[in-house]
Every structure is written in C-alpha cells, then in structure tokens.
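**Q**
Numbering (this note's numbering), first residue to last: -10 to 131.
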C-alpha cells in the first residue's frame, strides 16, 4: 500500500458514505488510470435506481470496458470501500482492469451485519443436458 493507495481508498469510503446518505447501500468505488488520475467515480445506487446490479464496481467495470483501450484498462486500479462481490469480481476481470484495492473484506463486512441480514440461499441444480448444451459452445474458444 502506497500513500496514494490510502488516499484513494479514503475517497472510496467517502463515496460509500454519500451512497448511504442518499438512501442506498454504503459502497463506493473509483477508477484510477495508470498515470494516477481519477478516471471515474461511482457509488451504490441499488435502492434509488431500483436496480439490483447498480453496484459501483459493476458500473465502473462496464465503463472501463466501453471507454478504455486494453492497455489503459490493464494499468488502471479500482479502489473500493469493500471487496467486490462475485458478480462485480467477474465483471472487473472481463473489463480488463488490472488491479483492485479494497478496504473491507467480505468477511469483515459480514461481521458488521446483524445475523440474518444476508440474502437467502438459492438452490442451484445442474449440470444437466451436457450433450445438448455443449453444441453451441464447442469450438468457440479455439
């Protein structure tokens, strides 16, 4: 962690406070380019946008994938107030962003929540129909 990393993380935490003050979940993120300039900032807007995917990390990953060339994305760092969830982590990976620095870990976040505050588990069933499902996929990644 550098002094700059600490300052950018503090900005992410500040954005999380702004999200909470606006009635949203308390998460904030920013994307910093290879040259150290802030490229974009976001905060959670799940409640106000009525969009369960309106996480700041996902919004920044989408922005980076649209707006940045691959080299710039690879040299960029996302600073976020909390470790990205699974949905956001995959989007960040696919966007090409090269580094993520977070303040709270997922375990630390869970410890701050009252018991029973998490989402109910989803029952997953599968894999199924392998022979049929593989047809459109085979050869795609060659």
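All C-beta atoms, glycine included, are put in the ideal place defined by N, C-alpha and C.
Keep in mind that this is a model prediction, so the values were computed, not measured.
1. For residue 80 and residue 55, which I take to be in contact (beta-carbon distance under 8 Å), what is that distance rounded to the nearest angstrom?
2. Going by DSSP in three states, residue 55 sits in which element: helix, strand or coil?
3. For the beta strand (DSSP E) holding residue 69, just list the boundary residues, first then last.
4. Starting from residue -1, trace the alpha helix (DSSP H) both ways and give me its first and last residue.
5. Measure the alpha-carbon distance for residue 118 versus residue 112 and round it to whole angstroms.
6. For the beta strand (DSSP E) containing residue 83, list its first residue and its last residue.
7. Measure the CB-CB distance between residue 62 and residue 25 and report whether it falls below 8 Å.
8. Just the C-alpha distance for residue 45 and residue 34, rounded to the nearest angstrom, thanks.
9. I'd like the ranges of any alpha helix (DSSP H) spanning at least 4 consecutive residues and lying wholly in the region 97 to 123.
10. Specify the secondary structure class of residue 95 as computed by DSSP and reduced to three states.
11. Please confirm whether residue 89 and residue 73 have their CB atoms less than 8 Å apart.
**A** Let me lay it out:
1. Within the chain shown, numbered from 1, the residue matching residue 80 stands at position 91. Within the chain shown, numbered from 1, the residue matching residue 55 stands at position 66. Actually they do not touch by this definition, with Cβ atoms about 12 Å apart.
2. Counting from 1 along the chain shown, the entry for residue 55 is found at position 66. Helix at residue 55.
3. Working through the chain shown from its first residue, we reach residue 69 at position 80. Going by DSSP, residue 69 is part of the beta strand (DSSP E) stretching over 66 to 71.
4. If you number the chain shown from 1, residue -1 lands on position 10. Unbroken alpha helix (DSSP H) run through residue -1: -8 to 10.
5. Counting from 1 along the chain shown, the entry for residue 118 is found at position 129. Counting from 1 along the chain shown, the entry for residue 112 is found at position 123. Their backbone Cα atoms lie some 18 Å apart in a straight line.
6. Counting from one through the chain shown, the residue named residue 83 turns up at place 94. Note, residue 83: premise wrong, no beta strand (DSSP E); alpha helix (DSSP H) at 75 to 84.
7. Along the chain shown, one-based indexing puts residue 62 at 73. Along the chain shown, one-based indexing puts residue 25 at 36. Not in contact: residue 62 and residue 25 (Cβ atoms no closer than 8 Å).
8. Along the chain shown, one-based indexing puts residue 45 at 56. Along the chain shown, one-based indexing puts residue 34 at 45. Near 8 Å, if we compare the C-alpha coordinates of residue 34 and residue 45.
9. Listed in chain order, the alpha helix (DSSP H) elements of length 4 or more contained wholly in the region 97 to 123 are 119 to 122.
10. If you number the chain shown from 1, residue 95 lands on position 106. DSSP places residue 95 in helix when its eight states are reduced to three.
11. What you label residue 89 is simply residue 100 of the chain shown in a count that begins at 1. What you label residue 73 is simply residue 84 of the chain shown in a count that begins at 1. The criterion of a C-beta distance shorter than 8 Å is satisfied by residue 89 and residue 73.
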